[in-house]
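For reference, the structure is listed below as structure tokens.
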Amino acid sequence: MPKPRRLKLAVWKFASCDGCQLSLLDCEDELLAVADAVEIAHFLEATRARVNGPYDLSLVEGSITTPHDAERIQQVRRSSRFLVTIGACATAGGIQALRNFADVREYLSVVYARPDYINTLATSTAIADHVTVDFELRGCPINKRQLLEVVSAFLAGRRPVTPPHSVCVECKLAGNVCVMVAHGTPCLGPATHAGCGALCPTFHRGCYGCYGPMETPNASSLTNWLHKLGMDDRALQRIYRTFNANAQAFREESEKHDP
Amino acid sequence: MAGRSGNGTLPLAALTVDGLQALLQAFRQHGYRIVGPTVRDQAIVYDDIESVEGLPRGWTDEQDGGRYRLTQLGDDALFNYAVGPHSWKQFLHPPLLRLLSVERDAATVRVVPEIPPTQRFAFVGVRACELHAIGLQDRILLGGQYVDPHYSARRESTFIVAVNCGKAGGTCFCASMNTGPKVEKGFDLAITELVGEGPHVFLVEEGSDAGSAMLDEVPHRAATQDEIEAAQAVVARTAVAMGREIRSGDLRELLLGNLEHLRWEEVASRCLSCANCTMVCPTCFCTTVEDTTDLTGDHAERWRRWDSCFTMDFSYMHGGSVRASARSRYRQWMTHKLASWIDQFGTSGCVGCGRCITWCPVGIDITEEVRAIRESPATTEGSS
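Protein sequences appear in the order of chains A and B. Residue numbers for the first sequence follow our numbering, so the first one is 1 and each next one is one higher. Residue numbers for the second sequence follow our numbering, so the first one is 1001 and each next one is one higher.
What follows is the structure, given as structure tokens:
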């Protein structure tokens, strides 16, 4: 079968730690296959060589935190046929969205010697709050297997298999003993989107919610149970305010627990 | 393996702990993979065991809604606990199973179906409720027009050593569902553990020709009349110590007559839709099928995995999910399990094992939900 033209892949960074794009470089065994399947046209973390757009597939990492980035994401959208956001920053605003619950000017005055050099927005927001997003891949960081699945699905013209159910399903598929029921360990798994393969519960830790809210989260019911397990308002607010603090279900739940 | 139906005859043989060990050795010699209860991660799970040393000697469990704790009694008992987080469907109806792979080259597309395994299981420590659950899955996956070859290959060569329960768990209600605690049928051998007063022995009932043949290979003696009476007392004690109960006779009419009951909304406010109840349920059998391709597009695989009526994808049709609310999903699960299952398969889909209660992260209790509807039937949104 004749090989079609290689599709052009671009990777873009906004406010982020780079961990999600590193997941692509972390695909050591599959990296050559990726480079064979797509033309890596723009990926500054991997190479300074750049090919101009338009691009068939853009992977967008990071959140929008500056006026400049708010404009840049519009350009990325215009030059991208298919735009996929990767990671908690791009899909929910990331850990830096903690600023949304505070006064960013106060932060600036405390952190920077010359706050007047800093041109930033009052909030950190998801890419989808600014442009149309074709697919969102969750995680902090994303799971590289899921990233390969998204790219493979795009190449095959099918929907990626990244189920939006709870982490609990992944625990049960793996045969894990529930850390909350059997150990009394607080766990966000029942309200959290699957994808990590239940990494923390597999190692007897509660889920930290790195993949954000699952498809139909019932955070308030889970919170009631976590409270019974001994968590106070401060702890409850903090557990929902990590990497996905600005994801709607987690944000709304955290706001109920101002100490 | 085929089982003779229990005819009420009493256990006839007695095995010592060494005799039980000899039985496990006999399984190994016959090439069985032995799976039984063992302690892992602070729970009694089902996993490979090598010998009686792998069994949870001296351990028991405390169970309640959303709570499971393992405690050590330090006695010699090997089976003094209720069912844990796993069920035998893990082995007979695996959570993840590749169904086929597809290879493509320049000229051809080749489909390679997954070959069912030839490994034979020996299950040790199957409870009465679990035998009923296996029976239900047999009916669903083997009994109809479409037979699941993967289940069939695993199931038909499985040797079952059942255990009469010496302890009712805090969330057990098999006595209400008429599924225990005494094992009645569907086993090859069934044992009752006698421990504490007198010598530590296991009384053995033979349930099949394969069971009898296996028993003949290990040292045993005839049980005494005292031992037989003691074994009867074990299940009798367990039967009256159930942690939960459901009045089960009219469940179908009760639930199907209350589809708009306000309780569905109330339970939905607590339900997490996390799917744990369906994953731990020994009769839930639903699966989904996922197709994946690799980067080259020359290799594809089709996998089957456990699915749940609590996920949105489960009822997804063109345009969206039919059961979009937690209320509709919980109601679907419970009414299917306790009511419409009867129309579909002839019996209730619940065997009273209590797993859905214990392993619900927020302790939702199916027996309590039934009670709530029973106590205020026909309370509908329109009439209240």
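Even for Gly, the Cβ is constructed at its ideal location relative to N, Cα and C. This structure is a prediction, so every number in the text was calculated from the model and none was measured.
Interface residue (Cβ-Cβ distance to chain A less than 7 Å): B/Met-1242 is not classified as such. Per DSSP, reduced to three states, the secondary structure at B/Asp-1148 is coil, with no helix or strand assignment. In its chain, beyond the 5 residues on either side, Val-1102 and Thr-1293 have a beta carbon closer than 6 Å to the beta carbon of B/Ala-1300. Ranked by Cα distance from B/Pro-1113, the first of B/Gln-1119, B/Val-1124 and B/Leu-1100 is B/Leu-1100. For A/Leu-98, no alpha helix (DSSP H) encloses it, and the DSSP letter there is neither H nor E. Around the beta carbon of B/Thr-1118, fewer than 16 other beta carbons lie within 10 angstroms, which makes this residue exposed. Under the three-state reduction of DSSP, A/Tyr-117 is assigned to helix. In the DSSP secondary-structure assignment, A/Tyr-112 is not bridged to any residue. For A/Glu-106, the closest of A/Arg-48, A/Ala-122 and A/Asp-26 by C-alpha to C-alpha distance is A/Ala-122. With a minimum length of 3 residues, the unbroken runs of beta strand (DSSP E) contained wholly in the region 1196–1228 of chain B fall at 1201–1206.
At a beta-carbon threshold of 9 Å, the residues of chain B lying near A/Asn-218 are Ala-1268, Ser-1269, Arg-1270, Cys-1271, Leu-1272, Ser-1273, Cys-1274, Ala-1326 and Val-1362, ordered along the chain. A direct Cα-to-Cα measurement between A/Gly-175 and B/Gly-1319 gives close to 34 Å. Cβ-Cβ separation between B/Arg-1304 and B/Leu-1097: approximately 5 Å, consistent with a contact (criterion under 8 Å). Burial of B/Thr-1179 is indicated by the presence of at least 16 other C-beta atoms within 10 angstroms of its C-beta. Per the C-alpha coordinates, the member of B/Asp-1064, B/Arg-1270 and B/His-1093 positioned closest to B/Val-1083 is B/Asp-1064.
When only Cα atoms are considered, B/Leu-1012 and B/Leu-1203 end up about 7 Å apart.
When the five nearest sequence neighbours on each side are left out, the beta carbons in the same chain lying within less than 7 Å of the beta carbon of B/Val-1322 are those of Ser-1315, in order along the chain. The Cβ atoms of B/Pro-1282 and B/Ala-1133 sit closer than 7 Å to each other.
The alpha carbon of B/Gly-1349 has as its nearest neighbour, out of B/Cys-1360, B/Val-1362, B/Trp-1359 and B/Gln-1332, the alpha carbon of B/Gln-1332.
Per DSSP, B/Leu-1099 is one residue of the beta strand (DSSP E) stretching across 1096–1104. Taking 8 Å as the upper bound on Cβ-Cβ separation, chain A lies near residues Gly-1066, Arg-1067, Tyr-1068, Arg-1069 and Leu-1070 of the region 1054–1077 of chain B. B/Tyr-1032: member of the beta strand (DSSP E) spanning 1032–1040, first to last residue. Of the candidates A/Leu-22, A/Ser-254, A/Trp-12 and A/Thr-216, the residue whose Cα lies closest to the Cα of A/Leu-59 is A/Trp-12. In the DSSP secondary-structure assignment, B/Tyr-1316 is bridged to B/Ser-1321. In the three-state scheme derived from DSSP, where H, G and I count as helix and E and B as strand, A/Thr-202 is classed as helix.
In this structure, A/Asn-224 sits away from A/Ala-92, with a CB-CB distance that is not shorter than 7 Å.
Leu-173, Gly-175, Val-177, Cys-178, Met-180, Val-181, Ala-182 and His-183: these are the residues of the region 173–186 of chain A whose beta carbon lies less than 7 Å from some beta carbon of chain B, given in chain order.
If you check the CB distance, A/Cys-27 and A/Lys-144 come in under 7 Å.
Against chain A, the beta carbon of B/Ser-1315 has no neighbour under 7 Å; the closest one sits roughly 12 Å away. According to DSSP, A/Arg-48 shares a beta bridge with no other residue.
Note: B/Glu-1062 is bridge-paired with B/Arg-1069 in the DSSP secondary-structure output.
Of all residues in the region 1082–1114 of chain B, those with a C-beta nearer than 7 Å to a C-beta of chain A are Pro-1085, His-1086, Gln-1090, Pro-1095, Leu-1096 and Ala-1106, reading in chain order. Shown here for A/Leu-25: same chain residues with a beta carbon closer than 8 Å to its own, the five before and five after excluded, namely Leu-31, Glu-45 and Ala-46 in chain order. Three or more Cβ pairs closer than 8 Å define a contact, and the region 140–159 of chain A falls short of that threshold against the region 1233–1242 of chain B.
The Cβ atoms of B/Leu-1142 and B/Ser-1152 lie closer than 7 Å to each other. A/Ala-156 belongs to the set of residues whose beta carbon lies under 7 Å from a beta carbon in chain B.
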